[in-house]
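Peer 1:
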Amino acid sequence: MVHKNLKGCLTPEDLDIQIAVHYGIPSTASVLAFDPIQRVLAIGTLDGKIKVIGGDNIEGLLISPKQLPFKYLEFLSNKGFLVSISNNNDIQVWNLENRSIASSLQWGSNITSFSVIYGSLFMYVGDENGLMSVLKQEEDGELLVLPYHISAKSLSEASGSSFPDHQTIVGVLHQPCSSGNRVLIAYESGLIILWDIFEAQVVVVRGDKVLELKNEVDEFSSHPEHDFEEKEITALCWASSSGTVVAVGYIDGDIMFWKTLTTESSKKQKNAASNNNVVRLQLSSAERKLPVIVLHWSANIKSQNDSDGQLFVYGGDEIGSEEVLTVLSLEWSPGMETLRCVGRAEVTLIGSFADMSLLPSAINNHGVDLLVLTSPGHLQLVSHKNLSALASEHEKRITLSSLECPLAIPTLSPVLTAAKLISLVGSENTSKFLLEIATNMKVNSTQKLTGGNWPVSGGIVYQFTSPEGYVIEKIYMAGYMDGSVRIWDATSSVLSILCIIGAMKDVEVSDSTSPISELNLCSSTSRLAVGNQLGLICVYNLNSSLKETDHHVIIGVKQEVHKQPQGGGPTCIASFRLLDSPVHAFQYMDHGAKLAVAHKCGRVAVLDMNSFSVLFLTEPLPNPSSPVISMIWKSFVYNGVKSPKDVGPKNLAKNVEELIFVYTKDTKLYVFDGDNHMINSKPMQLKKDAIAISMHIIGNTSIAEMEEQKESTQLTKDVAARNEPTSEINPQKTRHNNSGQNAMDSLILFCCKDALRLYRLKSLVQGNEKPLLKVKLEKNCCWTSTFKKDETTYGLVLLYESGVLEIRSLPDLELVKVTSLMSILRWSYKANMQRTMCSTENGQIAMINGSEMAFLSLLKSDDDLRVMESFPSLHDKVLAAAVEAVISSSHNQKKKQGIPGAFVNIFKGFRGGKTNSNFPEDFKQGFNHLDKLFSKNPFPDPHENDNNNNQEDVELDIDDIEIDEPVSVSMPPPSHTIQKEETRKRTDREMLLDGDTDEPRLRTREEIIAKYRKNAGEASSVAVQTRNKLLERQEKLEKISKRTHDLSNEAEEFASLANELVKAMERRKWWQI
């Protein structure tokens, strides 16, 4: 049924649903990345989200357009970019400063390996076809695919080895301390090649099919096998800070340490099997072992050997064994002949392993912290102190203790059971008290961890006001299973903890640690009401300046008063225990002088907050099994409104009447007045066989004006019945006096699981149960809330059990927008998640899902949390510029001098280098030379130049010429054309000779192989190939000569056209120009 006068003002243009705040780690987290300079952690998920975490409660959420898992995630360290690669091989580069995709690229084949040249903008990509490519992210946001690429066939010919063309690349690692000049390429079949980019030659080949192992580190195996057959590589990492040893994990659980030394003796036998080049390590003696999934290595900063350190292994144990992460302390002999395992430790996982990352310490080169990601969305931290202690446990097998990393907003430990989002605009006293509590309690947003600080500390929080003039405008309160309460400052998008209210110490109150069920705050009196599942009601005073306070304990009709000292935090001033029924609703009235409490059983208690006494407690409801869903307490200016059965005279001296509306789950409405009298003799049954969700009273909407004439007539009749002069009743004037005077012109909305019903509040109080509007819902609704854009524009939000969000206009209940939690947050609806949802009247919704907490902002005009500048920065540009300045300064130094310690420490642990006062070699030399090296293909196709020379001619159009005034155009002097031709000829000659000088240089053997792709033994074939190349070059020179002639003709034609244009312009009049 639709009322013809109902009309809403909310439009789709008023809405812009955005994620204003997001905290917590998604349960689908699967991959980690860490920027050791910016100290920022990124976590990729299986559904296309990236969680970015810094320090001081700085967190951000990036959402990819495609809901696909990420298989690779890497920072371009200190550059402000984060690179992600999804399962469909979509490469996305995220700009952390503006939290958006800077560039993207769809790769044509399956990407099987990916790495970043640390400290640069270059990236290696390996695919299933054995092709290694190079990408570069430009600072302006463009992602370039560079001409440099290496195929398996090219490496086979360059190395003189024979292996299949299409081998899958499983690893590409830039060699440390090589300034990006060398890259290690590992193939799935077990072949490992170290390639020199500068020299364009193979340096080392490892992974031969048959090897006699010189040394095995295998304390569990009594049957060492010396035949190393070809087997699949599953993981690899550098096991030396200088890149002389690489650790490789295999599908059968073995770990091999391959040496990549390039001494003269090793160069002669680089392609031969050598028992000095490899050491095998086995974690278990079992015949069937798990594959080695992940390998990481960290240098021992106290050792003089840069290959000594700790190896972190996931996998390699016996199939069926407990899931653990293994940490091995390894030491090499002085001559790198033997390897010894001097310590072994295990980290017990609290969930299924997902990924791990090493976080180098930024302070005094303390080593690395180990961060382990487990499912669903847990982070375990093993501090550098625990890891360094492993070295002292020689040849012992121990278990390392780990700590679960703290969450800014705890939701599962302890379990969050109730929440409120409250505006404090205009409540300066409450803001002042909360700030004082935060100072007194010294609660830090980033908690301290045993054994060290939380190692993720990046990001910048923008301060728009001075600390002296700061005012809290919004708070988020949460109650927990253990009876504690936490309050955060939610003014900006970075929440900061203000206080934690735990168990009462000075006064013993039973059941005070029961789960919290309801919260409310009176900003006028700065008093917080907390109710729990056992019916206990505690009232706290947030004014911490009181030195001593009384604690009133009211249990039934018994009352006690206890003295308690002020501890600098919220003080419990009253405790009420009236019923053994959970508290379901609170509401303050009379500026905090009264508190109404609705219990689950349906009884309502009204408490006096001045004398801490019980004003009244309503009688039990006829059907106490139906719990209270909602309670609203309203004050009305007396205007003769009464129930049809209430025919007695009214006290005209009392011009304000208070009504309490109680809505139960079985859709019954009970209305009480302020004197504990039920307005009607029996409750109103609004809808039979329905489940109630919520109740809302909507203020002055357009319905009031639309039915003004009808209401004015009714008011006149009521006044006439009381013999009052009609001139004293002016509906227009009455409506604007105060909120109490126009409350009876309001509407009341009842939301059920399958329907919405809208009533006139005045008519309903009078006993008229006929709704103005009814809307049947097609799906089951579980939560609703109202909001308003301004005094005339209202809206209703509905959450369905399917996760769909609907926004309807009020009062006409017309559908305005449909979206879903999945499309906004990638969340699926979970049972009872509506119990912790809350909202504000300006369209902000707070919700919990597992360990995640999010604020949604609905209105486009909502600038409170929407302004981009209010978000914290995930990239510290000041730090980035400082580091770049130090690096640039070190490049210009002629002698190696000390670098400021703060920056030295940043680079130490990550690079695995020793303690020194200099940057690693890569940073000293920089990566500028890589642009030139990667600008051409090391194995060019002979037909590439032909294709380049066959480009389309440049077309010149007279419309492209803009002339503002008559000009004279003359032919360029012949010398200009001759000079251009000579320059072009010189450039072509240099290109043909592959050099910048006029004199040809002697080619090396490797360069000849790379150019002609023939074995060195085939001399005759090389001669034939050379002759063919010379003929091809002669043909190219003829084409260049022809092209030069064509360009000269085109220049003459262009000059002729220009002259014609000049003549045409001279003939035009000034008014035609």
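Here this note's numbering is used: position 766 in the sequence shown is 778, and no number is missing along the way.
For each residue, glycine too, the CB sits at the ideal point set by N, CA and C.
What residues in its chain sit with their C-beta under 6 Å from that of H363, if we drop five residues either side in the sequence?
Peer 2: For the purposes of this step, residue 363 is taken as the residue at position 351 of the sequence shown. Note that residue 363 corresponds to Gly in the displayed sequence, not to His. The answer, listed in chain order, is T386, S387, H390.
Peer 1: Let me know if Q179 comes out buried or exposed under the rule of 16 or more other beta-carbons within 10 Å of its beta-carbon.
Peer 2: The count along the sequence shown starts at 1 and reaches residue 179 at position 167. Burial call: buried.
Peer 1: Am I right that A892 and N90 are in contact with their C-beta atoms under 8 Å? What's the rounded C-beta distance?
Peer 2: Along the sequence shown, one-based indexing puts residue 892 at 880. Along the sequence shown, one-based indexing puts residue 90 at 78. A892 to N90, Cβ: 5 Å. Contact.
Peer 1: Applying the 10 Å Cβ sphere with the 16-neighbour rule, what's the burial state of Y474?
Peer 2: Your numbering for residue 474 matches position 462 in the sequence shown. Exposed is the call here.
Peer 1: Indicate whether D766 and K786 have their beta-carbon atoms separated by less than 8 Å.
Peer 2: In the sequence shown, the residue the question calls residue 766 occupies position 754. In the sequence shown, the residue the question calls residue 786 occupies position 774. With respect to K786, D766 sits apart: the two C-beta atoms are not nearer than 8 Å.
Peer 1: Closer than 6 Å by C-beta to E71: which residues in its own chain qualify, once you throw out the five before and the five after it? Chain order, please.
Peer 2: Translated into positions along the sequence shown, residue 71 becomes position 59. Here the set comprises Y35, I65.
Peer 1: Would you identify the three-state DSSP class for K301, choosing helix, strand or coil?
Peer 2: Locating residue 301 in the sequence shown gives position 289, counting from the first residue. K301: strand per DSSP, three-state reduction.
Peer 1: By how many angstroms is the C-alpha of S947 removed from the C-alpha of V146?
Peer 2: On the sequence shown, position 134 is the one that residue 146 refers to. On the sequence shown, position 935 is the one that residue 947 refers to. Roughly 10 Å separates the two Cα atoms.
Peer 1: Per DSSP, H574 forms a beta bridge with which residues?
Peer 2: Reading the sequence shown from its first residue, position 562 is the one you call residue 574. Answer by DSSP bridge pairing, in chain order: H563.
Peer 1: With distances taken between CB atoms, is the gap from I691 to V777 smaller than 8 Å?
Peer 2: In the sequence shown, the residue the question calls residue 691 occupies position 679. In the sequence shown, the residue the question calls residue 777 occupies position 765. In this structure, I691 sits near V777, with a CB-CB distance shorter than 8 Å.
Peer 1: Leaving out five residues before and five after I836 in sequence, what residues of the same chain have Cβ atoms less than 8 Å from its Cβ?
Peer 2: As a first step, residue 836 is located in the sequence shown; it is residue number 824 there, counting from the start. Answer for I836: I29, I31, L817, L868, listed in chain order.
Peer 1: Straight-line CA distance for N107 to V95?
Peer 2: In the sequence shown, the residue the question calls residue 107 occupies position 95. In the sequence shown, the residue the question calls residue 95 occupies position 83. Cα to Cα, the separation comes out at about 9 Å.
Peer 1: Take T804 as the anchor and find which of I710, K872, L942 has the nearest alpha-carbon.
Peer 2: Taking the sequence shown and counting its residues from 1, the one referred to as residue 804 is at position 792. Of I710, K872, L942, the residue nearest in Cα terms is I710.
Peer 1: With 16 as the cutoff for other CB atoms within 10 Å, does G153 come out buried or exposed?
Peer 2: On the sequence shown, position 141 is the one that residue 153 refers to. An exposed status is given to G153, since fewer than 16 other beta-carbon atoms sit within 10 Å of its beta-carbon.
Peer 1: So, helix, strand or coil for E244, using DSSP?
Peer 2: The sequence position of residue 244 within the sequence shown is 232, counting from 1. Residue state, collapsed to three classes: coil.
Peer 1: If I follow the unbroken beta strand (DSSP E) through L412, where does it start and stop?
Peer 2: Stepping through the sequence shown from its first residue, residue 412 is reached at position 400. Note, L412: beta strand (DSSP E), 409-412.
Peer 1: Looking at the unbroken alpha helix (DSSP H) that takes in A515, where does it start and where does it end?
Peer 2: The residue given as residue 515 occupies position 503 in the sequence shown. A515 -> no alpha helix (DSSP H), and no H or E assigned at all.
Peer 1: On a CA-only basis, which of L531, C584, D501 is nearest N555? Give me that one, please.
Peer 2: Taking the sequence shown and counting its residues from 1, one reaches residue 555 at position 543. Of the candidates L531, C584, D501, the one whose C-alpha sits nearest the C-alpha of N555 is C584.
Peer 1: Alpha carbon to alpha carbon, how far is I513 from V895?
Peer 2: Numbered from 1 along the sequence shown, position 501 holds the residue referred to as residue 513. Numbered from 1 along the sequence shown, position 883 holds the residue referred to as residue 895. Their Cα atoms are separated by approximately 42 Å.
Peer 1: Give the DSSP-derived three-state secondary structure of L433 in the structure shown.
Peer 2: One-based indexing of the sequence shown puts residue 433 at position 421. Strand, per DSSP.
Peer 1: Can you look up P24 in the DSSP assignment and give me helix, strand or coil?
Peer 2: Position 12 of the sequence shown holds residue 24. Reduced to three states, the DSSP call for P24 is helix.
Peer 1: For V468 and S504, what's the separation of their Cα atoms in angstroms?
Peer 2: For the purposes of this step, residue 468 is identified with residue 456 of the sequence shown, where counting begins at 1. For the purposes of this step, residue 504 is identified with residue 492 of the sequence shown, where counting begins at 1. V468 and S504 have their C-alpha atoms spaced approximately 21 Å apart.
Peer 1: Check whether the Cβ atoms of I204 and V157 lie closer than 8 Å to each other.
Peer 2: As a working note, residue 204 is residue 192 in the sequence shown. As a working note, residue 157 is residue 145 in the sequence shown. No; because the gap between Cβ atoms is not below 8 Å, this pair is not in contact.
Peer 1: If we count the other Cβ atoms within 10 Å of its Cβ and call it buried at 16 or more, is T411 buried or exposed?
Peer 2: Taking the first residue of the sequence shown as 1, we reach residue 411 at position 399. Exposed.
Peer 1: Go ahead and label H564 buried or exposed: buried means 16 or more other beta carbons lie within 10 angstroms of its beta carbon, across all protein chains shown.
Peer 2: Indexing the sequence shown from 1 puts residue 564 at position 552. Buried, by the Cβ-count rule.
Peer 1: Which residues share a DSSP beta bridge with P1161?
Peer 2: What is shown of the chain runs 13 to 1085, which leaves residue 1161 out entirely.
Peer 1: Ends of the alpha helix (DSSP H) at N453?
Peer 2: Translated into the one-based positions of the sequence shown, residue 453 becomes position 441. Reading the sequence as shown, one finds Met at residue 453 and not Asn. Residues 440-453.
Peer 1: D139 by DSSP, collapsed to three states: which one?
Peer 2: Translated into the one-based positions of the sequence shown, residue 139 becomes position 127. The answer is strand: DSSP assigns D139 an E or B state.
Peer 1: Sorted by chain position, which residues of the same chain lie with C-beta nearer than 7 Å to C534's C-beta, five sequence neighbours on each side aside?
Peer 2: Working through the sequence shown from its first residue, we reach residue 534 at position 522. Excluding positions up to five away in sequence, the list reads Y600, G604.
Peer 1: Note the first and the last residue of the continuous alpha helix (DSSP H) segment covering D943.
Peer 2: As a working mapping, residue 943 is identified with position 931 in the sequence shown. From DSSP, the alpha helix (DSSP H) with D943 extends over 941-945.
Peer 1: Under DSSP, the alpha helix (DSSP H) around S397 begins and ends at which residues?
Peer 2: Within the sequence shown, residue 397 is the residue found at index 385, counting from 1. It should be pointed out that residue 397 corresponds to Lys in this sequence rather than to Ser. Unbroken alpha helix (DSSP H) run through K397: 396-401.
Peer 1: Using a 10 Å radius around the Cβ and a threshold of 16 neighbouring Cβ atoms, would you call H396 buried or exposed?
Peer 2: For the purposes of this step, residue 396 is taken as the residue at position 384 of the sequence shown. By the neighbour-count rule (16 or more Cβ atoms within 10 Å), H396 is buried.
Peer 1: Below 6 Å CB to CB, which residues in the same chain sit around P639 once its five sequence neighbours on both sides are set aside?
Peer 2: Position 627 of the sequence shown, counting from 1, holds the residue named residue 639. Taken in chain order, the residues that qualify are K612, K677.
Peer 1: Thinking C-alpha only, which one of T796, C189, Y482 is nearest E440?
Peer 2: Here residue 440 corresponds to residue number 428 of the sequence shown, with the count starting at 1. Its Cα nearest to that of E440, the residue Y482 stands out among T796, C189, Y482.
Peer 1: Roughly how many angstroms lie between the CA atoms of S642 and A610, to the nearest whole one?
Peer 2: Residue mapping note: residue 642 aligns to position 630 of the sequence shown, counting from 1. Residue mapping note: residue 610 aligns to position 598 of the sequence shown, counting from 1. Answer to the nearest angstrom: the Cα atoms are 8 Å apart.
Peer 1: Given this structure, state the Cα-to-Cα distance separating G807 from Y136, to the nearest angstrom.
Peer 2: In the sequence shown, residue 807 corresponds to position 795, counting from 1. In the sequence shown, residue 136 corresponds to position 124, counting from 1. A direct Cα-to-Cα measurement between G807 and Y136 gives close to 51 Å.
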